[in-house]
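In the numbering used here, the protein residues as written are 1 to 686.
Read through the structure below, which is laid out as structure tokens, and then see the notes.
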Amino acid sequence: MALGPADLARLGVPMGRVVLVHGRRTTAARLLRTAVHDRGEGTVRLSRGARRNAAVAPGDRVRLAPVEAADAVRLRVSLDGALGHGDGAAVCRDLAGEPVIAGDRLEWAPAGRAATLLTVRETEPPGPVIVQPTTAFEVEPAPGRTIRFADVGGLGREIGRLREVIEIPLRHPELFERLGLDPPRGVLLWGPPGCGKTLLARALAGEIGAHLVAVNGPEIVHKYYGESEAHLREVFAEARAQAPAMIFFDEIDAIAPGREDVEGQVERRVVAQLMTLMDGLGPQSRVVVVAATNIPDALDPALRRPGRFDIEVAIGPPDVAGRLEILRALTRRTPLAPGVDLAAIAERTHGFVGADLAGLCREAALRVLRGALGAAGLDPAGLEVRHADLLAACDGTRPAATRALAVGLAPARWEDVGGLGEAKARLREAVEWRVRHPELCRHYGVRPPRGILLIGPAGSGKTLLARAAATESGLPVFATSGAALLSKWVGDTERAIRDVFRRARQAAPSLVLIDELDALAAARGAAGESRVGDRAVAQLLAEIEGLAGASPVVVIGATSRPDLLDAALLAAGRFEDVIELGPLSREEALAVLDVHLRGLPLAPDVDREVLADLTPRWVGGEVAALCQRAALTALRETVTAGAAPGAVAARHFRAALETLAPVVERRRRPASPEPRREEPGHGHAG
1 MALGPADLAR
11 LGVPMGRVVL
21 VHGRRTTAAR
31 LLRTAVHDRG
41 EGTVRLSRGA
51 RRNAAVAPGD
61 RVRLAPVEAA
71 DAVRLRVSLD
81 GALGHGDGAA
91 VCRDLAGEPV
101 IAGDRLEWAP
111 AGRAATLLTV
121 RETEPPGPVI
131 VQPTTAFEVE
141 PAPGRTIRFA
151 DVGGLGREIG
161 RLREVIEIPL
171 RHPELFERLG
181 LDPPRGVLLW
191 GPPGCGKTLL
201 ARALAGEIGA
211 HLVAVNGPEI
221 VHKYYGESEA
231 HLREVFAEAR
241 AQAPAMIFFD
251 EIDAIAPGRE
261 DVEGQVERRV
271 VAQLMTLMDG
281 LGPQSRVVVV
291 AATNIPDALD
301 PALRRPGRFD
311 IEVAIGPPDV
321 AGRLEILRAL
331 TRRTPLAPGV
341 DLAAIAERTH
351 GFVGADLAGL
361 CREAALRVLR
371 GALGAAGLDP
381 AGLEVRHADL
391 LAACDGTRPA
401 ATRALAVGLA
411 PARWEDVGGL
421 GEAKARLREA
431 VEWRVRHPEL
441 CRHYGVRPPR
451 GILLIGPAGS
461 GKTLLARAAA
471 TESGLPVFAT
481 SGAALLSKWV
491 GDTERAIRDV
501 FRRARQAAPS
511 LVLIDELDAL
521 AAARGAAGES
531 RVGDRAVAQL
541 LAEIEGLAGA
551 SPVVVIGATS
561 RPDLLDAALL
571 AAGRFEDVIE
581 LGPLSREEAL
591 AVLDVHLRGL
601 PLAPDVDREV
611 LADLTPRWVG
621 GEVAALCQRA
631 ALTALRETVT
641 AGAAPGAVAA
651 RHFRAALETL
661 APVVERRRRP
671 ASPEPRREEP
681 GHGHAG
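Okay, structure coming up:
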């Protein structure tokens, strides 16, 4: 707290003394003097923490009173948010000299760690005190912050597994001793972001009553030599002293990456220290280490051997029943309208993890608030979340696993695809039936194809079909293209392919769409000196082979040059279902015209039958271009003449046809051998 020179003299208190600040509540602050040039008398400068503790805002009036503050003998505090891992001596050392009073909230932010809010519950002696390095420090659990298994939805199997390997050894170590077993020292939780790893670990600690020492991975790393290892030793020492205890490392990949993959010595020393400390946990220590990561392959392999992280628990996206359980837990305190069907929402949210569903519920509630704020009278008692709000939020929420992809995917519906009836039927069977009729597939012993290849000339509707299949199935979609996956850096292409399939497996059931497949998977040996293409094909084959059995991941590839693809991709168990698209029949052309003429202001002289006759054996993209070119011609005519908006007439289609027909004709000409010959190194960067 700071005062101007005149106010400081009027108060009659020497600089550096403690005063009481009376706002809406009372707090203690140390008195300082502002700069000489600071503005006017009667102004008190309060820090953010002092304003919070006095419950005042800029512009409020406060009253100051001198007070004698004693040295703090003991502080009893509770921790807000995540439980801290520092001991009392560290807190008091960092806050030494700080005046406090019961009820104050102090921010403790040691270097390299996340800030933690401490609420002072009791001081000894009572009244204003000054924290000393020797002050005794007692921590009580934050009221109302204990998480139980009832707060965790959709993870019943994982909860049962963790109770076996953690709760029983900590509560009943004699059972393991009787059977001659060493209790597990470490458990690794891995799964996509937002699937509930951290929540599950905290619920486990709350249920078994073990002392929890929670550490965020990045907080361990310090810039000074030896501090990171010392910090780790402090964490394990606290756990041993408070046994039975559980140490929880969140984002452990930040502190324990593979030592061969890092250049810095700090990371290598931290990994070595962590392994040493885990090896030192004997059967009687009653301490278990739980770690969470979404990239388990990034961990040092030595940590994943028996004796360290003995048990690995994979947490994937919940199934329909799990999503329904999570939705019920999330909406437990939400006023739902009578027509809300959470089961229907669970059916529509394939690939959603707990965090995604929480975001969906939040977005639905915000829609209700936005609608209520626009109304004349705002009645909180009348606010309810309707089924329509949840549906709209569902359509606007994208699963976290499908974000950060190379290629976006615009939604499409089956009715947006004109013609192509057989192709649509085969694609629906391959994609939708495995999701909507899994029991029938099992009953008849049908194994849906792992890969589907759409081939056809440019503009034939391959990408549109894939978009429609993705949208209609409701599955999370991982869309990319061959060109987007290629990289000139050695190993980056294979890494990108692995990443797409890893994300797809984590979000399964899901779809992987690869457009321009020929750019990624050209025939091996045809890329000249560059080996990028060969390695990319090998990696793609390995990933598809890894989708064993009735895989919940289906791969859809699209190409206009199937002759360039590596032959191994078309073998059984890979892209085994090939759907060929070609020029449209007359009936299909009429269906495509119906789609693209929909919404256009057509003149009476426009005859779709005539247009179908004028576009023999065109592909869908060319028919769509004809409709757009005719509309553009009509727009140009209206703007040039300065006339009122009119209709798209037959003459506009004839003009568009005159410009498009030669282009279409050139596309149909057979390619000469020269352009099809591969040049050394062509198509891939090495």
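Using N, Cα and C, we set each Cβ at its ideal position, and we do this for glycine too.
The structure displayed is predicted, hence computed values, not measured ones.
DSSP three-state assignment for residue i, whether helix, strand or coil
i, result
"F352", "coil"
"D71", "strand"
"A550", "Because A550 carries a pLDDT of 49, less than 50, the predicted location of this residue cannot be relied on, and the following value inherits that uncertainty. Coil at A550, not helix or strand."
"D698", "Not covered by the structure: residue 698. The range shown for the chain is 1 to 686."
"M246", "strand"
"N53", "helix"
"R367", "helix"
"D310", "coil"
"D607", "coil"
"W190", "strand"
"S78", "strand"
"V271", "helix"
"L383", "coil"
"G683", "Low confidence applies here, because G683 scores a pLDDT of 40, under 50, leaving its location unreliable and the question unanswered by this model."
"E529", "Caution is warranted here: a pLDDT of 44 is assigned to E529, below 50, making its placement in the model unreliable, and no coordinate value can be reported."
"P596", "This sequence places His at residue 596; Pro is not what is there. Residue state, collapsed to three classes: helix."
"E164", "helix"
"V663", "helix"
"S473", "helix"
"T135", "coil"
"E177", "helix"
"I345", "helix"
"I295", "coil"
"L584", "coil"
"F575", "coil"
"T334", "coil"
Those residues which DSSP pairs with residue i across a bridge
i, result
"L20", "A28 and A65"
"D566", "Per DSSP, none; premise fails for D566."
"H437", "DSSP lists no partner for H437."
"P693", "As displayed, the chain neither begins before 1 nor continues past 686, which places residue 693 out of reach and without an answer."
"R105", "T119"
"N216", "D250"
"V290", "V187 and F248"
"H652", "For H652, which the question treats as bridged, DSSP gives no partner whatsoever."
"G557", "L453 and I514"
Among the options, nearest to residue i - alpha-carbon criterion
i, options, result
"R76", "T135, R629, D310 and G226", "T135"
"C361", "R323, P338 and A372", "R323"
"R654", "L602, A630 and T640", "A630"
"A542", "F575, D563 and R51", "F575"
"F478", "A381, A508 and R268", "A508"
"G59", "G382, L11 and R51", "R51"
"L188", "G307, T27 and V129", "G307"
"A57", "A72, R74, D71 and G23", "G23"
"P583", "F236, A96 and G620", "G620"
"E347", "C394, R61, G371 and L8", "C394"
"A470", "K424, R561 and A72", "K424"
"L31", "G42, G16 and R45", "G16"
"T659", "A641, T615, I345 and G354", "T615"
"P193", "A458, I295 and A214", "I295"
"R502", "L626, V129 and G316", "G316"
Presumed contact (8 Å Cβ cut-off) between residue i and residue j, rounded CB distance
i, j, result
"L554", "I514", "Here residue 554 is Val; the residue named in the question, Leu, does not match the sequence. Going by Cβ atoms, the distance from V554 to I514 rounds to 12 Å, so no, they are not a contact pair."
"V537", "D566", "5 Å"
"S460", "L581", "4 Å"
"K462", "A589", "The pair is not a contact, with the Cβ atoms about 18 Å apart (cut-off 8 Å)."
"E68", "F149", "Rounded, the Cβ-Cβ distance is 50 Å, inconsistent with contact."
"L465", "L520", "In fact, because the Cβ distance is near 19 Å, the residues do not count as touching under 8 Å."
"L64", "V19", "5 Å"
"A661", "T633", "So it is not a contact: roughly 14 Å between Cβ atoms."
"L597", "R608", "7 Å"
"R286", "A243", "4 Å"
"A313", "R171", "Going by the sequence as given, residue 313 is Val instead of Ala. Wrong, their Cβ atoms sit about 19 Å apart, outside the cutoff."
"A572", "A603", "Not a contact, Cβ separation roughly 54 Å."
Residue-chain proximity (residue i, chain C), Cβ-Cβ < 8 Å
i, result
"L175", "Here there is only one protein chain, and chain C is not present."
Practice problem: Could you tell me whether the stretch 442-451 touches the stretch 482-492, where touching means 3 or more Cβ pairs closer than 8 Å? | Solution: no
Exercise. Check whether the stretch 281-296 touches the stretch 240-248, counting contact only when three or more Cβ pairs, one atom from each stretch, lie closer than 8 Å.
Key: yes
Quiz item: Between the stretch 157-167 and the stretch 213-230, do at least 3 Cβ pairs fall closer than 8 Å?
Solution: no
Exercise. Determine, using beta-carbon pairs with one atom in the stretch 223-237 and one in the stretch 424-438, whether at least three such pairs fall under 8 Å.
Key: no
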